[in-house]
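Worksheet: the structure to be examined is printed underneath.
Chains as they are written, first to last, in the working numbering: chain P, 785 to 1419; chain D, 392 to 797.
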């Protein structure tokens, strides 16, 4: 390897390759960065629009030949998709700007699911190969190596787009408004700028860049229905490494990541799997706001949380909850084995979602990597059963300790950050954990997973395991609820609502949040350990991004501003997902539509909606009864 | 809530409700039918599963038109696993405990196959793995309840290593996706080639993540090691990037390339006129096979689906044919009887007769090995020959020793 690296010409060519990759990544990331900077939307559908850009470009280039037809098609495809994006912003996102920010993540996630099935329906299941770019088919010979001329086009395009965006932001009135909104959108609104159209135009521009990025890929690869997810996470990472809202930062980050990858694979050929996340973790630990980001003023606290103070259950509600648990424990007398395994899985995800809900709503920290602790708990249990030969009971208790240790380690770094940077650092840690499970084949079995993690005899039957899962879930949720109303919970909520005031009265914010992170991680680990025994096996995808996203969706569906909304969210989402998958191959389309519908109908989540209805329609009747004792005073 | 929002919400609900209604109705137990559970990655890998399902449909139609299994109608209940082992297990549970299927079949991904195989062992049902390629399925993690149809990683590696050994090339570079399929394929190929040709050396290896190959830097890194030949195991979108970038950069010029699965229409067709010529590949040249059994299959398939078959179609068709032969041979549908019947079970497939070996539960389905070429602007396999699976498997007694004792 040393000899190879010593060859200057090779190093130069390898660097060029990295630059070309950086350009593709930058186009998508810049759009995401602009959208996030202004609207604070975590746009999960960005990858979907990237993919749509490629598909539409494929269809157009197929129809219009020639150089003019080709380049015109790419541009036209990006414009069409940008129009679709604007339409989605107006029809969907505009209706939910007033609710907690993460709810828009849920809406865009629903759209992503729908698009995945829709493209297969529209363009068929086969991979599609578009034409090569006219005028850029060949290669240029440099220092004895052939470099594709299309790479040079991309290399030029990256800085060109960066320059154009700079001009747009610094030399036009619109750009000034966008930058102002990035810094303080409430102030911009207060000054009389029509936010609606500003947001729509920014969104359309961001989607245009994503779709263009996708369209530009067709001379290099095939258009497939899976290309949205492969770009989405990386684009997010690049945005965060660069610093939110900083387009120049995104460019630097794209170059940094791509070059590190181009040279990293020479020394460690397997590094690509985890490289971007390693870079992100290192950058965020050293520079909490990314390379060029500035600590932004958090959007002013939405009034929502203080409107309805949290209260412990009233006697009536307690009776209702007890009734629900009783009904749930009678399930084995009503349904068969399959229903019970589904019931067990729902119980497990209730606990998982409740633990995520705890760190998100009580701790005020949105974790995008909660699957790490779910998976660590599962692997912990699997190690103890398969490698150490311990019985299920011991593994269930000791397995989650691995999750606890992981949460303690990762949480210590994470709680120094806040907002989306916190979320992305948790994601980075989760992906690093995932790649260890994936790569350390001798111990974890790699992607083939660990098999033979079956439960003890008394819980091997569907009934036994269901009661076990139900018991653990009920106890776990009750414990988390008790924590919310304990002094620790109050202190945590104080730190969430105003870190400054909390610290002034002597609360150690970082320590409180770290403890909350560990608590949440441990309960997630317990859920993971149960899942290992339910499935009889453990796989790296227990630690994967989809599990983290599922958790987020459950919490958001239930309602962020509630005490235990995640329980309802988990039951509804998991039951719906399993039922749909069993019934149709288009489960993503239906599930996505359901999520979008729920977002529009219940913008405060299911439980939030129920609480709204209760407070609106049930008169003082209920409130008068014995609730004054547990009531908080509204601030 | 505004009325407009309400209207939109109602519309959304009606769409969802309609879509849910369109979904297949649950399977009901009926007299005079034998039900078989089948699981595959329908939503996430439609490129494979779509022709696979069409293959199954053809076999089912033929079998039931001919009177079914001893007068009973053969019914296959298919479930989606979304490419995740955990979801595959949920589906398996539903099929076994609710739909009461006689046995399980299916699977594409190796980890899904292994999860189902472990489930089969735990719940004592027979699992016929159709596509998963990993050798662990029948060897290091094999069990009594699992049988596998598809020509395995080891078999195809052996076929390609045989071809590779005839090449003058001494310096080899490898590219494979970074997961078990790629890792175990490269390991077996290296072992078998080195055995035949102790003089070869492996000078570079690249492991891009599945679906995310950064083709430029990967190819440049390979080129820099100056290999005589390249072994490739990437497929689908990664393969297209690899081929396009490699063609432009001239990395394949004056180098032999041995490429796994590339001759399968699923992966070869997208390459169109950019198909590299002269690569040694395994695959399925449906346009050039003139055996009577394949011709019959091809005509029937085209008549029913108005489309040409992919390799997935062969696998789907042969899976259902295997299941039917198994049920015909078994004395009843108890798992013990089915396992006994599956051992040394003979099945006629479009690739000719196969046997499920009793020693390691692997079928002797073979594969076509040939070279890539371009005809009329389309990628095809030329100079191909069929390799019998039995010739590329270790003897049954030896293979049986690779399995855990339990």
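For each residue, glycine too, the CB sits at the ideal point set by N, CA and C.
query, result
"Test: residue 625 of chain D CB closer than 8 Å to a CB of chain P", "no"
"Beta-carbon proximity of residue 1048 of chain P to residue 808 of chain P, cut-off 8 Å", "no"
"Own chain partners of residue 1375 of chain P with C-beta closer than 7 Å, once the 5 adjacent residues on each side are dropped", "897, 1360, 1361, 1364"
"Rounded separation between residue 1216 of chain P and residue 695 of chain D - CA only", "48 Å"
"C-alpha gap between residue 490 of chain D and residue 1028 of chain P, whole angstroms", "51 Å"
"CB contact flag (residue 629 of chain D, residue 647 of chain D, <8 Å)", "no"
"Residues within the segment 494-522 of chain D neighbouring chain P, beta-carbon criterion of under 7 Å", "501, 502, 505, 506, 509, 510, 513"
"The segment 1130-1142 of chain P / the segment 1287-1295 of chain P touching (three or more Cβ pairs under 8 Å)", "no"
"7 Å CB neighbourhood of residue 813 of chain P in its chain, flanking five on each side removed", "1019, 1022, 1023, 1034, 1038"
"Environment of residue 719 of chain D [buried if 16+ CB atoms lie within 10 Å]", "exposed"
"Residues from the segment 1237-1261 of chain P in contact with chain D, defined by Cβ distance under 8 Å", "1238, 1246"
"Inter-stretch contact (C-beta, 8 Å, three-pair minimum) for the segment 566-579 of chain D and the segment 520-530 of chain D", "yes"
"Continuous beta strand (DSSP E) stretch holding residue 539 of chain D: start and end", "537-539"
"Chain P contact for residue 726 of chain D (CB, 8 Å cutoff)", "no"
"Meets three-Cβ-pair contact criterion under 8 Å: the segment 1154-1172 of chain P and the segment 1292-1312 of chain P", "yes"
"Supposed close pair residue 541 of chain D, residue 529 of chain D - CB separation, criterion 8 Å", "With a Cβ gap of about 10 Å, residue 541 of chain D and residue 529 of chain D do not count as contacting."
"Residue from P/861, P/1149, P/979, P/1069 with nearest C-alpha to residue 995 of chain P", "P/861"
"Segment limits, beta strand (DSSP E) that includes residue 650 of chain D", "647-654"
"For residue 754 of chain D, the three-state DSSP class (helix, strand or coil)", "strand"
"Three or more C-beta pairs below 8 Å linking the segment 559-573 of chain D and the segment 593-607 of chain D", "yes"
"Paired residues, beta bridge with residue 1234 of chain P - DSSP", "P/1322"
"Contacts around residue 760 of chain P, its chain only, beta-carbon distance under 7 Å, and the 5 residues preceding and following it disregarded", "With chain P represented from 785 up to 1419, any question about residue 760 of chain P goes unanswered, as that position is not in the structure."
"Whether residue 828 of chain P touches residue 889 of chain P by CB criterion (8 Å)", "yes"
"Cross-chain neighbours of residue 1054 of chain P in chain D, by beta carbon under 7 Å", "569, 598"
"First and last residue of the uninterrupted alpha helix (DSSP H) at residue 1109 of chain P", "1099-1113"
"Residue-level contact to chain P via CB, residue 635 of chain D, 8 Å cutoff", "yes"
"Alpha helix (DSSP H) segment containing residue 852 of chain P, residue limits", "850-875"
"Test item: CB-CB of residue 1197 of chain P and residue 1069 of chain P under 8 Å", "yes"
"Reduced DSSP category for residue 1242 of chain P - H, G, I as helix; E, B as strand; rest coil", "helix"
"Beta carbon of residue 569 of chain D nearer than 8 Å to that of residue 1057 of chain P", "yes"
"Residue 771 of chain D - DSSP class collapsed to helix/strand/coil", "strand"
"Check whether residue 953 of chain P and residue 823 of chain P have beta carbons under 8 Å apart", "no"
"Residue 1218 of chain P - DSSP class collapsed to helix/strand/coil", "helix"
"Contact under 8 Å by Cβ, residue 468 of chain D with residue 492 of chain D", "yes"
"Between the CA atoms of residue 478 of chain D and residue 692 of chain D - distance to the nearest angstrom", "31 Å"
"Residue 915 of chain P versus P/943, P/1400, P/854, P/1344, residue with shortest Cα-Cα distance", "P/854"
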